[in-house]
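Worksheet: one structure, shown below.
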Amino acid sequence: MKNALVLLSIILMLAGCGSSGSDSKPDPVVDDIVIVDGDNDSSGGDDASVTPTCTHSDISGGVIVDNLVTLQDALTAASNNGVDDVIYVESGTYAVTDTLTYDAKGSLEKISIIGCGSDAVVFDGQNSTQVFHFMKDGIIGDDWATNDIYIGPYPSAELSGLSVVNGLCDPSVCNNSGKSGIALFERYHLDVKNVNFSNNFTEGEGAAINGVVDITVKDSTFDSNRTYSGFGGSAISASGVIDIDNSTFTNNGFRAVYRGISAEVNSCQDPVTINNSKFDGNGTQVLYVLYYGCKDTDVGTVNIIDSEFNNNHGSAMIVRGGNLTVTGSDFDNNRGGYSIAYLESDCVSHDFDCVWGGVIGYDKWMRSRGQVIIDDSNFTNNQAADYGGVIDMLGSADCTVSSDPQYAGCSSIDKIYSAETYDLVINDSVFVGNESHRGAVISVAKTELAKSFQNGNVYVGNSLFRNNVGVSNVGSTTPHDEIETSIIVTGGDLTYTGLTMENNVADVELNIKGSIIEL
Numbered sequence: 000m001k002n003a004l005v006l007l008s009i010i011l012m013l014a015g016c017g018s019s020g021s022d023s024k025p026d027p028v029v030d031d032i033v034i035v036d037g038d039n040d041s042s043g044g045d046d047a048s049v050t051p052t053c054t055h056s057d058i059s060g061g062v063i064v065d066n067l068v069t070l071q072d073a074l075t076a077a078s079n080n081g082v083d084d085v086i087y088v089e090s091g092t093y094a095v096t097d098t099l100t101y102d103a104k105g106s107l108e109k110i111s112i113i114g115c116g117s118d119a120v121v122f123d124g125q126n127s128t129q130v131f132h133f134m135k136d137g138i139i140g141d142d143w144a145t146n147d148i149y150i151g152p153y154p155s156a157e158l159s160g161l162s163v164v165n166g167l168c169d170p171s172v173c174n175n176s177g178k179s180g181i182a183l184f185e186r187y188h189l190d191v192k193n194v195n196f197s198n199n200f201t202e203g204e205g206a207a208i209n210g211v212v213d214i215t216v217k218d219s220t221f222d223s224n225r226t227y228s229g230f231g232g233s234a235i236s237a238s239g240v241i242d243i244d245n246s247t248f249t250n251n252g253f254r255a256v257y258r259g260i261s262a263e264v265n266s267c268q269d270p271v272t273i274n275n276s277k278f279d280g281n282g283t284q285v286l287y288v289l290y291y292g293c294k295d296t297d298v299g300t301v302n303i304i305d306s307e308f309n310n311n312h313g314s315a316m317i318v319r320g321g322n323l324t325v326t327g328s329d330f331d332n333n334r335g336g337y338s339i340a341y342l343e344s345d346c347v348s349h350d351f352d353c354v355w356g357g358v359i360g361y362d363k364w365m366r367s368r369g370q371v372i373i374d375d376s377n378f379t380n381n382q383a384a385d386y387g388g389v390i391d392m393l394g395s396a397d398c399t400v401s402s403d404p405q406y407a408g409c410s411s412i413d414k415i416y417s418a419e420t421y422d423l424v425i426n427d428s429v430f431v432g433n434e435s436h437r438g439a440v441i442s443v444a445k446t447e448l449a450k451s452f453q454n455g456n457v458y459v460g461n462s463l464f465r466n467n468v469g470v471s472n473v474g475s476t477t478p479h480d481e482i483e484t485s486i487i488v489t490g491g492d493l494t495y496t497g498l499t500m501e502n503n504v505a506d507v508e509l510n511i512k513g514s515i516i517e518l
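For the sequence shown, numbering that gives the first Met the number 0 gives the first residue as 0, with consecutive numbering after it.
As structure tokens, this is what we get:
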């Protein structure tokens, strides 16, 4: 065991802090409230505000620090020393002027930074500094493409019981090629518990957390984190497993949670799970999921469980294939849909000049496998201008008869994968007050995929569609798809049992280009 670095600090105390750590680490003990006059800034400055305080009840197996110098010394000493390391951080607001760094030096050791509460242990980048930079094996520089950083195995890290606020990673430090983020982990597996990330800004992706492979997030908050360049992950950018539980994401920018391509993994074997969490007031494409390195036998999974997505601008989630399952969740007032408008012209075909998927934009063209399953969930007042006020799956066309040139030669023959019987399955759910032109609630195309075929078939069981409105959105150029507004539009069949349609308004309530089948 390392010698403890015990350095006492005095801060102003107002309230207790939350629990932290894991099952193997003791919960902190909250001190009685004491108001103290004098210097309480761990960085040496004065702070007239009153700050919560807490202490660690047991620091066995680690070292304890209460200032930035000893924290950096502890991180340096832990580098590739042959054991996992735990650094306990005392209460205080730590004004970070030089980025705190750690280098695994090619080892697979785990490094943990454990505060005693996110209200009481605050790392403040002062709107000028990147707070953490964890290196896999030395300094890479700016040319990441020629480095083997992407290749596993990967080291591990943990952040717990602390806050990271007001970080800034500007172009002089960060870039758009992976070297970005206020907490930059150069391909680490990361556990985050009882951590607050707020008001962090970065040049590239991952304003709060960037560069991780697998990440678990529990009991944490992400607020007002943003990227300058519009890349993914204003809160989190990862490439492997994403497991988020009991956490809140508010007012973050573009793609708050982004699963991209930053490590050589088979991400079809790495599930994305969001449980008992809230996403409110974030920028467009709140959750964005890509797949990389998949084998033909792999499908990929995204699970949304008992969660809320409210008041987000643009699509609540964009999923590029695999099985997406939504259970017991609520979606309210997510408006704007997915739109990039590369050409900034009228919506003529289902492409990036159109706005689609107010809640879910599901595009399995490249992955060519998977289906969307929705159970016991509520969707109210969501909107996308052109396709799918709630759910869009590649538009509304039947490619076998469409006049749109993009569907020329459409065929379901000689595909690598078999098509799913139903592309969308809905049970025991409610859709109220949603809006779009083609499919105020649902638009699902029958269309060719890269390696399979999307039949455009939908199943609905015991679900209510009420007060949804088809709102016309036709520009000066006549679109290839239908001009008529609708509530549900499919390129294939609609099969249903217990489907209730009440007070919906559209030119054609059910625009089903295949067959309507009641079971």
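Virtual Cβ for every residue (Gly too), placed ideally from N, Cα, C.
Counting only the same chain and skipping the five closest in sequence on each side, list residues whose C-beta sits under 6 Å from that of residue i.
i	result
V318	V288, V301, Y361
S338	V354
I425	I373, V459, S462
S111	V85, E157
I515	L493
S428	I373, S376, S462
L448	W364, S367
T216	The sequence shown places Val at residue 216, not Thr. Excluding residues within five positions, the ones whose Cβ falls inside 6 Å are V191, I243, S246.
Y416	S367, R368, K450, S451
G455	V443, A444, K445, T489, G490, G491
L323	V301, V371
A439	G388, N433, N467, V468, G469, I486
Assign residue i to buried or exposed, taking buried as 16 or more other Cβ atoms, counted over all protein chains shown, within 10 Å of its Cβ.
i	result
G497	exposed
P152	exposed
A262	buried
P51	buried
A76	exposed
I511	buried
G17	Low local confidence applies: a pLDDT of 33 at G17 is under 50, so the model's placement there is unreliable, and no value is given.
T477	exposed
L393	buried
T446	buried
N502	exposed
D57	exposed
L518	exposed
T379	buried
D65	buried
G105	exposed
V400	exposed
Within a Cβ cutoff of 8 Å, which residues of the same chain sit near residue i, ignoring the five residues on either side of it in sequence?
i	result
G321	C267, V288, Y290, V298, G299, T300, V301, K363, R366, R368, G369
I139	N146, I148, K178, E185
Identify the continuous alpha helix (DSSP H) that holds residue i and give its terminal residues.
i	result
T69	67–77
Would you mind reading off the limits of the beta strand (DSSP E) that contains residue i?
i	result
N193	188–197
G388	G388 -> no beta strand (DSSP E), and no H or E assigned at all.
V488	485–489
F278	277–279
K445	441–447
M134	131–134
G360	359–361
T220	220–222
E307	307–309
D329	329–331
Between the beta-carbon of residue i and the beta-carbon of residue j, is there less than 8 Å?
i	j	result
T100	L70	no
I214	A182	no
I304	N274	yes
E108	D83	yes
E185	I148	yes
D480	H312	no
A383	A444	no
V172	Q129	yes
S306	G357	no
N310	N381	no
L161	S117	yes
L189	V163	no
Near residue i, which residues of its chain fall below 7 Å by C-beta distance, leaving aside the five closest residues on each side in sequence?
i	result
D529	Residue coverage of the chain in this structure runs from 0 to 518, which leaves residue 529 outside it and unanswerable.
G539	An answer regarding residue 539 cannot be provided, because it is not within the stretch 0 to 518 covered by the chain.
S233	A206, N224, R225, T226, N251, G252, F253, R254, A255, G282
I260	S238, L289, Y291
R437	D385, Y386, S395, D480, E481, S485, V488
N265	G292, C293, K294, D297
Closer than 7 Å: is that where the CB of residue i sits relative to any heavy atom of the ligand ZN?
i	result
Q125	With respect to the ligand ZN, the structure offers nothing, as it holds no ligand at all.
- request: Check whether the stretch 248–265 touches the stretch 221–237, counting contact only when three or more Cβ pairs, one atom from each stretch, lie closer than 8 Å.
  value: Output reads yes: the stretch 221–237 touches the stretch 248–265.
- prompt: Taking one C-beta from the stretch 483–498 and one from the stretch 404–415 each time, how about it: are there three or more such pairs within less than 8 Å?
  reply: Three or more Cβ pairs closer than 8 Å define a contact, and the stretch 483–498 falls short of that threshold against the stretch 404–415.
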